[in-house]
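Trainee: My structure is below; once you've seen it, I'll send some questions.
In this note's numbering, the protein residues as written are 3 to 156.
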């Protein structure tokens, strides 16, 4: 369902270029103490990758990372340390977000997001549905509507 590694790889280059004025050659923000193996740029990239893929739970994220992607992230830190570092990097994450927006849509200053789930078909018919599946970017996917506590395909 998610291709975390490819999303991470694409975002890593963008985060690295956005953070080039703030980090050293290893991708870490200068601070006292020993330099971590899992860089600050990697923490920011992993956070944004999970956000892009709608992985809201850190438990789910780290379960996927340790079970499916352990070969791709050999220096992965534990979940509690990731959470602590991510909270310390929140200002830098915002810098990267603004940089992304400026790269994607340089002349826009206001954005509207419609997050209403639109069900394409009932769950029982979802595997047979061909609606909007010609193009991968517009293909429907499984989702969860928290306000209604229901799953949908759309």
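Glycine is no exception: its CB is placed at the ideal position from the N, C-alpha and C atoms.
1) Taking DSSP's pairing of strands, which residues face residue 152 in a bridge?
2) Can you tell me which of the three DSSP states residue 64 falls into?
3) For the putative contact between residue 64 and residue 81, defined by C-beta atoms under 8 Å, what is the C-beta separation to the nearest angstrom?
4) I need the straight-line Cα distance from residue 8 to residue 135, nearest angstrom please.
5) Leaving out five residues before and five after residue 131 in sequence, what residues of the same chain have Cβ atoms less than 8 Å from its Cβ?
6) Exposed or buried, what is residue 29 when buried is set at 16 or more other beta-carbons lying within 10 Å of its beta-carbon?
7) Could you give the distance in angstroms between the alpha-carbon of residue 41 and the alpha-carbon of residue 111?
8) Within this structure, are the beta carbons of residue 84 and residue 46 separated by less than 8 Å?
9) What is the C-beta distance between residue 13 and residue 50, in whole angstroms, given that I count them as a contact (C-beta under 8 Å)?
10) Could you tell me the distance, in whole angstroms, from the CA atom of residue 149 to the CA atom of residue 16?
11) Alpha carbon to alpha carbon, how far is residue 56 from residue 72? Give it in angstroms, no decimals.
12) Residues in the same chain with beta-carbon distance under 8 Å from residue 125, minus the five sequence neighbours each way, listed in chain order, please.
13) Among the candidates 43, 129 and 35, whose CA atom is the shortest distance from the CA of residue 26?
14) Rounding to the nearest angstrom, what Cα-Cα distance links residue 120 and residue 34 in this structure?
Mentor: According to the structure data:
1) Translated into positions along the chain shown, residue 152 becomes position 150. 147.
2) Indexing the chain shown from 1 puts residue 64 at position 62. Reduced to three states, the DSSP call for residue 64 is helix.
3) Along the chain shown, read from residue 1 onward, the residue named residue 64 stands at position 62. Along the chain shown, read from residue 1 onward, the residue named residue 81 stands at position 79. Between residue 81 and residue 64 the Cβ distance is about 5 Å, and since that is below 8 Å, they are a contact.
4) Looking up residue 8 in the chain shown gives position 6. Looking up residue 135 in the chain shown gives position 133. Rounded to whole angstroms, residue 8 to residue 135 spans 21 Å at the Cα level.
5) Position 129 of the chain shown holds residue 131. Within the same chain, residue 131 has close Cβ partners 122, 123, 142 and 155.
6) Residue numbering aside, residue 29 sits at position 27 when the chain shown is read from its first letter. Residue 29 should be labelled buried.
7) As a first step, residue 41 is located in the chain shown; it is residue number 39 there, counting from the start. As a first step, residue 111 is located in the chain shown; it is residue number 109 there, counting from the start. Answer to the nearest angstrom: the Cα atoms are 31 Å apart.
8) Here residue 84 is taken as the residue at index 82 of the chain shown, counted from 1. Here residue 46 is taken as the residue at index 44 of the chain shown, counted from 1. For residue 84 and residue 46, no; Cβs fall outside 8 Å.
9) Position 11 of the chain shown, counted from the start, is the residue given in the question as residue 13. Position 48 of the chain shown, counted from the start, is the residue given in the question as residue 50. Contact flag correct, Cβ pair sits at about 5 Å.
10) Along the chain shown, read from residue 1 onward, the residue named residue 149 stands at position 147. Along the chain shown, read from residue 1 onward, the residue named residue 16 stands at position 14. If I take the Cα positions, the gap works out to 34 Å.
11) Counted from its first residue, the chain shown places residue 72 at position 70. Counted from its first residue, the chain shown places residue 56 at position 54. If you take the alpha carbons of residue 72 and residue 56, they lie about 20 Å apart.
12) Start at 1 with the first residue of the chain shown, and residue 125 comes out as number 123. The answer, listed in chain order, is 153, 154 and 155.
13) As a first step, residue 26 must be located in the chain shown, where it is residue number 24. Looking at the Cα atoms, 43 is the closest of the given residues.
14) As a working mapping, residue 120 is identified with position 118 in the chain shown. As a working mapping, residue 34 is identified with position 32 in the chain shown. Whole-angstrom Cα-Cα distance: 49 Å.
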